[in-house]
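Going by our numbering, the sequence shown opens with residue 264, and the numbers climb by one from there. Every residue, glycine too, gets a C-beta built ideally from N, C-alpha and C. Only a predicted model underlies this, so the values are computations on that prediction, with no experimental measurement involved.
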Amino acid sequence: MAEAQARQRGGYADDGSAQAESGVRFEVDGEIATITLDRPEKRNAMTFATWHGLARIGESLPEQVRVVVVKGEGPSFSAGIDLQMFTPEGVPGQGSMSSAVETGEAGFEQRIRRFQAGFLWLRRPEIVSIAAVRGHAIGAGFQLALACDLRIVAENVLFCMKEPALGLVPDLTGTKPLVELVGLAKAIDICLTARTVHADEAMRIGLAEKVVAGGDLDQAVHDKIAELLSTNRDAAVATKRLLQGAQARTLEEQSVAEAIEQVARLKALSG
């Protein structure tokens with residue numbers, strides 16, 4: 264069923280060679296889409312192709328999808344950047360970081376922006392994204408989890424913002440949600456020490472919505488999806504839009520936004 268629906272839509276979901284190259288598997292089942300990082304032998308480490316693959320999924324996401332689940336194949340969510348990218352030869356067929364930098368500062372900055380596109384679309388108001396995280400969620404893996412609206416994690420989860428320890432900065436859209444979730448001081452502590460955040464702390468500081476035993480992760484995600492799909496789709500989109508804009512607005516501005524959204528909802532309901 265998922266394969267048939269994905270093929271009806273076409274695009275990246277139907278391109279088996281592209282999925283194999285990127286190490287990203289994409290399936291659609293009705294209103295639910297599942298993205299699986301599929302390089303378990305590398306602990307789902309990411310490459311340039313992974314980020315391009317994520318962006319392509321966002322560009323071709325079927326309109327009926329309401330919930331997007333992001334997970335990793337095997338015992339880890341993602342160990343972050345594939346360190347082979349930092350070797351002179353790089354990843355076969357994809358090049359290396361050094362070769363990418365040689366395109367020039369402006370050119371490489373544009374490449375980073377394209378990589379970021381694979382993370383940004385997970386915040387669209389018309390979907391709710393859930394990161395189902397077990398084991399390692401390091402660097403780019405941590406940032407992918409942060410790109411999602413919700414994080415349901417196994418009790419063996421290991422969050423770590425490794426980039427500063429490698430002489431880099433987190434550049435895959437993870438810094439803003441991290442600060443918004445845990446506050447500036449805690450975000451500085453997590454990033455600048457590159458320390459590991461375990462499940463109990465993740466739950467305590469707001470990185471995780473729920474912690475479950477590893478064997479219960481899939482069921483916990485399934486239950487959350489059922490809860491999310493039980494609400495009216497258009498009302499959910501409008502409400503998420505309100506929540507996303509709340510921090511940037513004053514109370515008065517938010518009140519106006521609420522009224523505008525409610526008028527639209529009442530008009531729709533009255534036909």
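- Bridge partners of residue 461 according to DSSP: 421.
- When C-beta atoms of the segment 444-456 are compared with those of the segment 495-507, fewer than three pairs fall below 8 Å, so the two segments do not count as touching.
- Between the segment 338-354 and the segment 289-298, the count of Cβ pairs shorter than 8 Å is below three; the stretches do not touch.
- Unbroken beta strand (DSSP E) runs of no fewer than 3 residues, entirely contained in the segment 471-515, are found at 473-475, following chain order.
- According to DSSP, residue pairing for residue 395 in a beta bridge involves 415.
- The segment 339-380 contains, as complete alpha helix (DSSP H) runs of 4+ residues, the segments 360-364 (chain order).
- Residue 315 places its beta carbon less than 9 Å from that of residue 377.
- The beta carbon of residue 457 is closer than 7 Å to those of 423, 424, 425, 427, 428 in its chain, skipping five residues each way along the sequence.
- By DSSP's assignment, residue 455 forms no beta bridge with any residue.
- If you ignore the 5 residues before and after residue 520, its C-beta comes within less than 7 Å of the C-beta of 505, 508, 512, all in its own chain and listed in chain order.
- For residue 390, no beta strand (DSSP E) encloses it, and the DSSP letter there is neither H nor E.
- Taking a contact as a CB-CB distance under 8 Å, the pair residue 385 and residue 410 counts as one, their CB atoms being some 5 Å apart.
- Under the three-pair Cβ rule at 8 Å, the segment 394-411 counts as touching the segment 320-339.
- DSSP places residue 290 inside the beta strand (DSSP E), whose first and last residues are 287-292.
- Here residue 436 really is in contact with residue 382; their C-beta atoms are around 5 Å apart, less than 8 Å.
- Of all C-beta pairs linking the segment 325-335 to the segment 477-494, three or more are shorter than 8 Å, placing the two stretches in contact.
- In this structure, the straight-line span from the alpha carbon of residue 525 to that of residue 518 is close to 11 Å.
- Using a 10 angstroms sphere on the CB of residue 522, the tally of other CB atoms stays under 16, which defines it as exposed.
- For residue 483, the number of other beta carbons within 10 angstroms of its own is at least 16, and it is reported as buried.
- When only Cα atoms are considered, residue 353 and residue 515 end up about 53 Å apart.
- Listed as beta-bridge partners of residue 436 by DSSP are no residues whatsoever.
- Among the bridge pairs identified by DSSP, residue 318 is matched with none.
- Sixteen is the threshold: since fewer than 16 other Cβ atoms of the shown chains lie within 10 Å of the Cβ of residue 531, the residue is exposed.
- DSSP lists 288, 334 as the bridge partner or partners of residue 299.
- The continuous alpha helix (DSSP H) containing residue 403 extends over residues 403-410.
- Per DSSP, the beta-bridge partners of residue 400 are 341, 422.
- In the DSSP secondary-structure assignment, residue 309 is bridged to 344.
- Cβ neighbours of residue 418 within its own chain (closer than 8 Å, five residues either side excluded): 462, 474, 475, 476, 477.
- Excluding its 5 nearest sequence neighbours in each direction, residue 394 has C-beta neighbours in its own chain below 6 Å: 333, 408, 411, 414, listed in chain order.
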